[in-house]
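Chemist: Using the numbering used here, the first residue of the sequence shown is number 877, and each one after it goes up by one. Ideal Cβ placement from N, Cα and C applies to all residues, glycine included. I'd like to ask some things about the structure below.
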Amino acid sequence: EVFHKSLKQNTALGKAPVRRVVTQNNHVFAALFAFFKLECLKIKRKLKHFALRSHLYLKAIRVAYEELQVLKAA
């Protein structure tokens, strides 16, 4: 159950607005690959999936904010 919950919520498996079979297959493969990478990071960092996801989001927001500041200064 933890696998399914994490796969749906952390890798956006259920949020794919796709209709074609090829696109669905690609999305499922990308979601499984993202889950695998999350598992590797989970083991390496000793964090749960949701804590790891929030940490990644915060880091991405910081990088985006710094880029915005650079663009404003230019």
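Assuming N851 and R929 are in contact, meaning their beta carbons sit under 8 angstroms apart, how far apart are those beta carbons, in whole angstroms?
Modeler: No answer is possible for residue 851: the residues shown for the chain start at 877 and end at 950.
Chemist: For the alpha helix (DSSP H) containing A910, list its first residue and its last residue.
Modeler: Unbroken alpha helix (DSSP H) run through A910: V897 to R921.
Chemist: May I ask you to report which of helix, strand or coil DSSP gives E942?
Modeler: E942 falls in the helix class under three-state DSSP.
Chemist: Assuming contact is defined by CB atoms lying nearer than 8 angstroms, are H903 and V894 in contact in what I supplied?
Modeler: Against a cut-off of 8 angstroms, the Cβ pair of V894 and H903 comes out as a contact.
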